[in-house]
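Here's the structure, in structure tokens; my notes come after.
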Amino acid sequence: MESRNKTPTDNEVREHIENLRSRGNRGLADLIEMHAFKAQPEKRPNCPLCKDSGYTEWTQEIGGVVYEYAEECICMKQRREMQRLETSNLPDPTRMSLGQFRTDQDWQIRILDTAYRFAGWSPQAADDIPPWFYAGGHPGTGKTHVCTGICCNLIGQGRQVLYRIWNDVAEEMKDKRNTTAYRQTMKRLQEVDVLYLDDFLHGSPSKASLELAWEIVNGRYTNRKQTIFSSEHFIQEIIDKDHGLGGRIHERARGFVLGIARDATRDYRTKGEMA
Ligand SMILES: Nc1ncnc2c1ncn2[C@@H]1O[C@H](COP(=O)(O)OP(=O)(O)OP(=O)(O)O)[C@@H](O)[C@H]1O
Ligand SMILES: [Mg+2]
Ligand SMILES: [Zn+2]
């Protein structure tokens with residue numbers, strides 16, 4: 006079996022991409038195009054196996070007949086993962102993994118344990134509804150860290166994640182009100198595989214903010230789409246603000262609700278100096 010892993014020239018990569026396109030494999034062609042030419046500045050491929058073409062090819066001679074084989078390179082799984090990470094909008098994924106979450110205190114152990122249980126959840130029966138995750142409570146206690154870590158794990162499992170800060174969503178939707186763009190964005194928020202809403206209902210949410218939250222949350226509830234929240238509010242406080250909204254989150258996140266006590270010594274940013 007002869008390996009054909011010589012470094013392809015730019016033209017060869019382009020030809021390869023065109024070839025994939027003409028064979029109807031648009032998705033893969035787009036991905037290869039995106040990644041193959043990323044290595045351009047120093048002209049060094051990232052993957053030594055396929056030299057960033059995304060495919061490994063070889064020929065084999067059997068009884069005088071030469072067979073050509075091509076298969077997707079193993080790096081493509083990783084490239085797709087990187088692409089999902091880029092499109093997730095997660096602000097600091099490399100620094101906020103679950104592995105980097107310190108557990109010096111018992112309450113931190115409980116947080117990490119809940120996060121790993123959530124990230125490791127898989128359906129036992131075909132109609133099992135995927136759970137939600139709700140991290141509420143004191144500032145600087147690692148809520149965003151742990152939710153980001155969960156999102157990274159889910160991305161590694163092949164899931165598509167969208168990270169949004171609640172106030173950005175509220176602003177955007179206010180600007181788009183009464184336009185077709187509102188429906189498009191709403192559809193994405195209601196249907197994306199996993200949505201992580203950070204700083205959910207920040208401050209004292211207005212009636213409009215609560216109505217927007219209900220529209221998104223109810224859509225995801227009906228569509229059975231996984232949703233992750235971090236918020237300064239405890240889940241009970243969301244229920245008190247809007248029973249229908251908080252009730253839905255509470256129901257879906259059963260077993261994965263964190264309420265981190267309001268205690269200044271727990272603030273990782275000030276390392277308890279404010280206590
Ligand atoms: N247990 C921990 N191990 C390592 N780093 C942590 C831990 N807890 C918090 N941090 C770090 O402290 C900083 C603040 O944490 P984070 O942003 O997750 O807090 P938060 O609970 O989301 O706060 P806020 O309510 O203000 O949004 C981050 O840089 C985070 O990585
Ligand atoms: Mg936060
Ligand atoms: Zn490769």
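Number 153 in this note's numbering belongs to position 148 of the sequence shown; there are no gaps in the numbering.
Idealized CB from N, CA, C, for every residue including glycine.
On a predicted model such as this, the values are computed, not experimentally measured, just so you know.
Within its chain, find whatever has a CB closer than 7 angstroms to the CB of Y226; leave out the 5 residues flanking it on each side and keep chain order. Take Y226, set aside five residues on each side of it, and the residues of its chain with a beta-carbon closer than 7 angstroms to its own are R253 and R257, in chain order.
Considering only heavy atoms of ligand 3, does any lie closer than 8 angstroms to the CB of T153? No.
Give every residue of the same chain whose Cβ lies closer than 6 angstroms to the Cβ of V2, excluding the five residues on either side of it in the sequence, and list them in chain order. Residue 2 falls outside the range modelled here, since the chain spans only 6 to 280, and no answer is possible.
Beta strand (DSSP E) segment containing F138, residue limits: Here the beta strand (DSSP E) through F138 covers F138 to G142.
Answer with buried or exposed for K230, where buried requires no fewer than 16 other C-beta atoms within 10 angstroms of its C-beta. buried
In its own chain, which residues sit with a C-beta less than 7 angstroms from the C-beta of A266, not counting the 5 before and 5 after it? Only residues of its own chain outside the window of five on either side were considered, and among them G142 and H143 have a CB closer than 7 angstroms to the CB of A266, listed in chain order.
Quick check on the burial criterion: 16 or more other C-beta atoms within 10 angstroms. Buried or exposed for R271? The residue is buried, with at least 16 neighbouring Cβ atoms inside 10 Å.
Cβ-based neighbour list, R107, same chain, cut-off 7 angstroms, excluding 5 preceding and 5 following: Q113
Is L54 near ligand 3, judged by its Cβ being under 8 angstroms from some heavy atom? yes
Give a yes or no on whether the C-beta atoms belonging to F138 and C152 are separated by under 9 angstroms. Yes, these two residues count as a Cβ contact at 9 angstroms.
Enclosing beta strand (DSSP E) for D203 [first to last residue]: V199 to D203
P46 by DSSP, collapsed to three states: which one? Any reading at P46 needs caution, since the residue's pLDDT is 48, under 50, leaving its predicted position unreliable; the model's value is listed next. Three-state result, P46: coil.
Could you have a look at N147 and say whether DSSP puts it in helix, strand or coil? The sequence shown places Gly at residue 147, rather than the Asn named in the question. G147 falls in the coil class under three-state DSSP.
I'd like to confirm the pairing. Which residues does DSSP put opposite V174 in its beta bridges? For V174, which the question treats as bridged, DSSP gives no partner whatsoever.
Could you give the DSSP three-state label for A186: helix, strand or coil? Helix, per DSSP.
Give every residue of the same chain whose Cβ lies closer than 7 angstroms to the Cβ of S93, excluding the five residues on either side of it in the sequence, and list them in chain order. C156, I160, V166, L167 and Y168
Distance, A175 Cα to H248 Cα: 20 angstroms
Going by beta carbon distance, what residues of the same chain come within less than 8 angstroms of P5, once the five residues before and after it are set aside? Since the first residue shown for the chain is 6 and the last is 280, residue 5 is missing from the structure and cannot be characterised.
Near V199, which residues of its chain fall below 6 angstroms by C-beta distance, leaving aside the five closest residues on each side in sequence? L159, R164, V166 and Q231
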